[in-house]
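Residue numbers (the numbering used here): 5 to 860. Positions of the beta carbon are idealized from the N, C-alpha and C atoms, including for glycine. Just so we're clear, the structure is a prediction, and the values are computed from it rather than from any experiment.
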């Protein structure tokens with residue numbers, strides 16, 4: 005049952021308040037401890053100890069509690085200083101917390117020595133916690149037999165729960181040691197197992213049943229655990245998934261076992277068990293893979309990290325209340341991405357074709373660039389070196405092994421690299437170097453591998469003069485030109501700036517026109533060229549034309565990427581009919597792939613843009629129902645909802661509301677936008693109370709720096725304002741919101757213009773007093789004028805709300821027969837030379853002529 009045993013954090017108890025807590029500050033500190041506020045507790049206790057007149061007993065108790073809070077707050081050195089004070093050292097609990105402080109500092113052996121006497125003292129308050137902590141630390145020190153002895157100290161504990169928990173942990177260790185008979189002998193009766201430990205016991209029983217050869221029964225146990233996670237830790241739940249796969253493999257169902265792990269990872273991409281899961285996936289891969297259409301390869305390929313630049317937002321909404329709805333930012337490489345690259349590379353190698361072998365090598369190299377600190381990085385290099393060796397590329401293999409010997413952090417990796425270096429040296433006729441390298445390997449390898457290294461060192465020396473002196477030349481092994489070029493390509497692919505990536509990739513192609521990965525570079529140039537703003541259509545088209553006739557052609561598994569690149573190009577070029585045709589072809593030919601998903605989203609967007617709302621909705625709803633990516637599914641649903649909202653029938657608009665609800669329920673990055681869109685539709689359908697209620701709830705819960713606050717507030721105020729004719733009191737509420745939003749627009753003139761215009765329209769309707777039905781026209785004109793009151797150079801950042809404000813002020817002044825002011829405003833509007841400047845200038849001339857008002 006490998007990987008079942010894990011180091012438990014060296015803290016097994018929750019704080020319980022001390023008996024004597026008469027002082028209010030001490031009570032408050034205890035409450036903070038109970039709530040897990042360790043930093044708050046330590047601050048309160050420091051104040052208490054430094055300023056209060058406490059009885060000696062209370063003083064010691066406060067210091068013990070302070071030490072505990074510091075340990076829990078990851079400040080063990082400070083805690084140790086307190087526990088070494090003469091006043092505290094003799095307290096019964098001091099030794100326990102001192103050991104915990106040592107454990108928190110990584111001084112595991114000293115911590116164990118401090119905890120064992122407490123674990124053996126039946127009267128000590130923290131006996132159970134000391135035993136469990138000591139056993140966990142002993143496991144981390146690879147002293148599993150000592151951990152068994154420590155846990156056995158609790159065999160006679162008065163508490164049945166404690167006895168059974170210790171017993172199960174002993175079974176856990178015995179299973180990991182493959183001592184299955186002993187584990188089964190001490191397995192507790194089902195009636196003795198506390199409810200909280202039942203699922204843990206079931207997990208152990210599953211692994212024992214599997215070890216005993218009953219894979220069918222084990223599968224049932226693990227399946228039940230996976231279907232009912234209640235009462236399980238996350239780690240144990242993941243172990244149940246590993247156990248089920250092992251049970252299926254034990255029945256000779258390697259394909260089903262692999263599929264079960266792939267499905268689990270798909271649903272739990274952040275699982276901490278990726279290493280044992282992927283180790284099994286690669287172990288169960290077929291020795292010979294026939295096609296890239298293999299389901300395992302398809303799944304692994306979809307998890308590969310995207311490291312090339314991609315195109316800009318796919319959905320652009322013109323409504324100023326809704327921002328672009330499809331963010332595509334490069335994310336840090338996940339563990340899942342790294343493991344998938346490693347497994348996919350191994351799988352590709354088994355295709356056996358030259359192209360597949362090259363791509364497999366490329367993936368192993370890419371792991372070094374994307375995740376050099378990941379523990380798989382040296383493993384990937386070892387794999388790559390082994391492939392090089394098998395392919396007769398001895399020089400490259402030696403260079404990789406030599407690099408690992410110098411740079412790898414793991415002694416085992418260093419040892420394996422030295423061993424392989426020694427083999428190459430021996431086969432190359434250099435027994436002296438081989439002997440030294442075998443000796444180097446034996447110093448870090450263990451068990452049979454160490455014995456093999458020692459034996460090979462002796463065999464190497466047999467070929468040497470026994471009296472000779474053996475020297476190793478410390479010259480760096482040469483790196484091949486091909487590897488240097490690969491590195492240049494990787495650097496270009498990893499450039500997050502599409503403009504820079506485009507030029508770097510183009511430079512790579514000029515220097516390496518015949519490189520085996522030239523077509524990959526061309527495809528990446530297409531993606532980069534389409535990602536710059538504005539898109540470089542001509543460069544993208546030129547590279548696509550080259551790729552269509554390239555010899556050798558792109559391998560089959562890259563054809564979908566080529567087709568998607570062409571689809572993006574057509575989309576950027578605005579060739580809607582061709583986009584629709586090609587997207588449908590991609591969806592048909594590559595069902596269930598990432599390419600089909602990309603094509604469906606672009607198809608839906610294009611149909612939406614061209615007014616085919618019903619067809620767009622059907623495509624997007626289908627995509628959302630099958631899409632694994634929550635973000636993409638939510639984007640598809642949002643656009644489907646907007647398609648339905650723009651449909652020709654009342655029923656379609658009602659269905660749009662349900663689609664918006666589904667989008668909001670997904671709780672992704674577009675949730676706020678979907679809420680705004682739904683409210684917009686409710687307003688358009690004159691369902692104002694519904695819109696106001698949802699928007700009010702959202703707006704009231706937003707902080708001032710929430711980016712959604714402005715569009716939410718604008719829409720809420722619009723809905724409230726729309727009730728002004730029937731509910732005049734609502735106008736004050738709308739004005740209040742506009743006033744609040746003004747504080748958010750200090751650095752955004754365009755927003756400021758819009759808000760002042762909306763304030764002005766609201767003020768026009770608000771009565772000057774309770775006895776008057778005349779609007780606050782003076783305040784309204786002031787709001788409009790605040791937009792115009794600015795220099796003409798530079799011009800306003802936007803014209804719509806600027807000129808709306810100006811012409812509205814002009815109309816109010818004309819209605820009030822304030823001709824001179826009206827003329828001044830009209831001429832002021834014209835002076836900015838905006839889209840309506842000529843109209844304003846004409847109005848000014850007409851007013852002067854009609855009312856005989858001339859310049860002085």
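Work out the CA separation of residue j and residue i for me, nearest whole Å.
{"i": "residue 511", "j": "residue 523", "result": "14 Å"}
{"i": "residue 840", "j": "residue 826", "result": "16 Å"}
{"i": "residue 855", "j": "residue 822", "result": "11 Å"}
{"i": "residue 474", "j": "residue 409", "result": "Caution applies to residue 474, whose pLDDT of 32 falls short of 50 and renders its modelled position unreliable; the model cannot decide the point."}
{"i": "residue 343", "j": "residue 558", "result": "25 Å"}
{"i": "residue 433", "j": "residue 278", "result": "42 Å"}
{"i": "residue 638", "j": "residue 347", "result": "30 Å"}
{"i": "residue 373", "j": "residue 47", "result": "45 Å"}
{"i": "residue 746", "j": "residue 725", "result": "17 Å"}
{"i": "residue 108", "j": "residue 229", "result": "33 Å"}
{"i": "residue 760", "j": "residue 754", "result": "10 Å"}
{"i": "residue 422", "j": "residue 628", "result": "52 Å"}
{"i": "residue 394", "j": "residue 123", "result": "55 Å"}
{"i": "residue 203", "j": "residue 295", "result": "42 Å"}
{"i": "residue 72", "j": "residue 142", "result": "22 Å"}
{"i": "residue 49", "j": "residue 165", "result": "34 Å"}
{"i": "residue 256", "j": "residue 209", "result": "21 Å"}
{"i": "residue 435", "j": "residue 444", "result": "14 Å"}
{"i": "residue 521", "j": "residue 382", "result": "23 Å"}
{"i": "residue 765", "j": "residue 496", "result": "54 Å"}
{"i": "residue 181", "j": "residue 146", "result": "11 Å"}
{"i": "residue 118", "j": "residue 111", "result": "11 Å"}
{"i": "residue 313", "j": "residue 397", "result": "Residue placement at residue 313 is poorly supported in this model, since its pLDDT is 36, which falls under 50; the coordinates still yield a value, given next. Cα to Cα, residue 313 sits roughly 33 Å from residue 397."}
{"i": "residue 624", "j": "residue 242", "result": "34 Å"}
Does the distance from the C-beta atom of residue i to that of residue j stay below 8 Å?
{"i": "residue 302", "j": "residue 289", "result": "no"}
{"i": "residue 83", "j": "residue 75", "result": "yes"}
{"i": "residue 86", "j": "residue 70", "result": "yes"}
{"i": "residue 252", "j": "residue 223", "result": "yes"}
{"i": "residue 200", "j": "residue 174", "result": "no"}
{"i": "residue 276", "j": "residue 239", "result": "yes"}
{"i": "residue 657", "j": "residue 669", "result": "no"}
{"i": "residue 544", "j": "residue 534", "result": "yes"}
{"i": "residue 442", "j": "residue 426", "result": "yes"}
{"i": "residue 758", "j": "residue 787", "result": "no"}
{"i": "residue 364", "j": "residue 337", "result": "no"}
{"i": "residue 590", "j": "residue 569", "result": "no"}
If you compare alpha carbons, which of the options is closest to residue i?
{"i": "residue 597", "options": "562, 767, 617 and 621", "result": "562"}
{"i": "residue 260", "options": "243, 280 and 284", "result": "284"}
{"i": "residue 352", "options": "172, 90 and 297", "result": "297"}
{"i": "residue 161", "options": "72, 136 and 509", "result": "136"}
{"i": "residue 699", "options": "682, 689 and 129", "result": "682"}
{"i": "residue 195", "options": "205, 590, 737 and 663", "result": "205"}
{"i": "residue 78", "options": "404, 570 and 104", "result": "104"}
{"i": "residue 673", "options": "651, 710, 635 and 664", "result": "635"}
{"i": "residue 671", "options": "847, 641 and 190", "result": "641"}
{"i": "residue 527", "options": "537, 505, 515 and 538", "result": "505"}
{"i": "residue 247", "options": "386, 225, 183 and 607", "result": "225"}
{"i": "residue 733", "options": "769, 262 and 430", "result": "769"}
{"i": "residue 358", "options": "370, 262 and 556", "result": "556"}
{"i": "residue 63", "options": "43, 37 and 95", "result": "95"}
{"i": "residue 742", "options": "51, 731 and 717", "result": "717"}
{"i": "residue 587", "options": "577, 680 and 605", "result": "605"}
Looking at residue i and the ligand FMN, is the gap between the Cβ and the nearest heavy atom below 7 Å?
{"i": "residue 506", "result": "By its list of ligands, the structure shown contains no ligand whatsoever, and the ligand FMN lies outside what it can speak to."}
So with Cβ pairs under 8 Å, would you call residue i a contact of chain D?
{"i": "residue 849", "result": "The displayed structure is made up of one protein chain only, and chain D is not part of it."}
With contact counted as at least three CB pairs below 8 Å, one residue from each stretch, are the segment 837-855 and the segment 817-829 in contact?
-> Counting C-beta pairs closer than 8 Å gives three or more between the segment 837-855 and the segment 817-829, which meets the contact rule.
Any contact of the segment 170-186 with the segment 140-152, i.e. 3+ C-beta pairs under 8 Å?
-> With the rule of 3 Cβ pairs closer than 8 Å, the segment 170-186 counts as touching the segment 140-152.
Inter-stretch contact at 8 Å, needing at least 3 Cβ pairs: the segment 640-649 / the segment 612-627 = Contact holds: three or more Cβ-Cβ distances are below 8 Å.
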